[in-house]
Amino acid sequence: MNILIIGGGHMGQTYARSFIQAQIATAGQLTILNKSTEKAESRADAQIGRVFSRAEDCLSRADLIILAVKPQDSEALFQSIRPLLDPGQVLLSIMAGISIPTIREQLGVEKIIRAMPNLPAQIGRGMTVFTSSDEVTRIELVTVQNVLNATGKTLYVEREELLDAATAISGSGPAYVWFYMDALMEAARQMGFNEGEAELLVSQTFLGALELYQANNTSCPEWIRRVSSRGGTTEAALLVYRQTAFREDLIQGAQAALERARELGRHED
Ligand SMILES: NC(=O)c1ccc[n+]([C@@H]2O[C@H](COP(=O)([O-])OP(=O)(O)OC[C@H]3O[C@@H](n4cnc5c(N)ncnc54)[C@H](OP(=O)(O)O)[C@@H]3O)[C@@H](O)[C@H]2O)c1
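First residue of the sequence shown? That's 1154 in my numbering, and the numbers climb one at a time after it.
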């Protein structure tokens, strides 16, 4: 399958590398279209496909076209590629906030898949939520899911509005985790650990807690119950978290991200 990635920035290159690594495509089957060829080439190591700067030179060969430019660049891009597209080509957009109806209207194509990846895709640990227009066939959908699986785990949703929710949970989610990690590192430093020690303690704790969680069929509240003994240290910390409504704050933060994703989407439409 010939894959064209439009936008050779962070995500575009992450995708290209992952596809080669997972043998989804050979370097010969992979093409990147970027505004400035020099910039993309200087960022890329030669084995992630050919780089073009003119859509006329690479668009017609592609079976799957991945749209990975910034949302604000989409309009100019749509105008330039619309006349070159074939109705048989499948489009996969990872642009935040640009809906399937907008892509359909502006590009005049029917086979559209919209996905919301996240940053750990860079190391094959991403979480991508995706949906599709009715015109995408079952086989095309499975093929694209395989392609996306090269960057981590995937979840298909029927309703497009769930992509805004995915943006608020898994899209922005890594930043929430880093926010909490950073606060805990600060606490560790205040207690006397140096920077490196604080980083080790916190990152290994997150990793251990997550892997333990994944290795067992035990819920988060149950794990919390197991580590907190009555009158003990964990309970002392959790008591403060409850008093300060930390849990509610986390939920409200995610809700605010959802609202913002919806606002940005409305703005684009
Ligand atoms: N980064 C993430 O974690 C993440 C997560 C989920 C979704 N996304 C989505 O992924 C998309 C890309 O994000 P990014 O972080 O990879 O952005 P980025 O690093 O800025 O890359 C965007 C690339 O698109 C190129 N470009 C702009 N207009 C173009 C055009 N008309 N034709 C061809 N190439 C064009 C730019 O080229 P020049 O450099 O030459 O201008 C740049 O290399 C965004 O829509 C974003 O919403 C990103």
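By construction, the Cβ of each residue, glycine as well, lies at the ideal position given by its N, Cα and C atoms.
Cβ neighbour criterion (16 or more within 10 Å) applied to T1290 | exposed
Rounded straight-line distance, which links the Cα of T1307 to that of F1205 = 29 Å
Going by alpha carbons, who is nearest to S1227 out of G1202, I1253, R1214?
-> I1253
Please specify which runs of the alpha helix (DSSP H), each continuous and at least 4 residues long, are wholly inside the region 1223-1291, giving them in chain order.
-> 1227-1234, 1253-1260
Just list the beta strand (DSSP E) runs in the region 1304-1335, keeping only unbroken ones of 3 residues or longer that don't cross its boundaries, in chain order.
-> Runs found: 1305-1309.
Return the CA-CA distance between E1339 and A1351, expressed in angstroms with no decimal places.
-> 8 Å
Cβ-heavy atom distance, D1226 to ligand 3, below 6 Å = Ligands present in the displayed structure are limited to ligand 1, and ligand 3 is not among them.
What do you get for D1239, buried or exposed, if any count of 16 or more other CB atoms within 10 angstroms of its CB means buried?
-> By the neighbour-count rule (16 or more Cβ atoms within 10 Å), D1239 is not buried but exposed.
If we ignore side chains and look at the alpha-carbon of each, how far apart do N1299 and L1337 end up?
-> 37 Å
In terms of residues, what are the limits of the alpha helix (DSSP H) holding T1387?
-> It spans 1386-1396 - the alpha helix (DSSP H) in which T1387 sits, taken as one unbroken run.
DSSP-derived helix/strand/coil call for F1346 | coil
Just the C-alpha distance for T1387 and A1341, rounded to the nearest angstrom, thanks.
-> 15 Å
Quick one: what does DSSP say I1173 is sitting in, helix, strand or coil?
-> helix
What is the rounded straight-line gap between the Cα of E1209 and the Cα of S1323?
-> 36 Å
Can you tell me the Cα-Cα spacing of F1231 and E1348, whole angstroms?
-> 47 Å
Pick out whichever of M1280, A1215, L1220 has its Cα sitting closest to the Cα of N1271.
-> Among M1280, A1215, L1220, the Cα nearest to that of N1271 is on M1280.
How many Å lie between T1296 and S1382 at the Cα?
-> 49 Å
Within 7 Å, strictly: CB atoms of I1219 and L1186 = no
Return yes when the Cβ of L1183 is within less than 7 Å of the Cβ of G1202, no when it is not.
-> yes
C-beta contact flag for L1309 and F1346 at 7 Å = A quick correction: the sequence has Tyr, not Leu, at residue 1309. No; because the gap between Cβ atoms is not below 7 Å, this pair is not in contact.
Following the continuous alpha helix (DSSP H) through R1379, name the residue where it begins and the one where it ends.
-> Note, R1379: alpha helix (DSSP H), 1373-1380.
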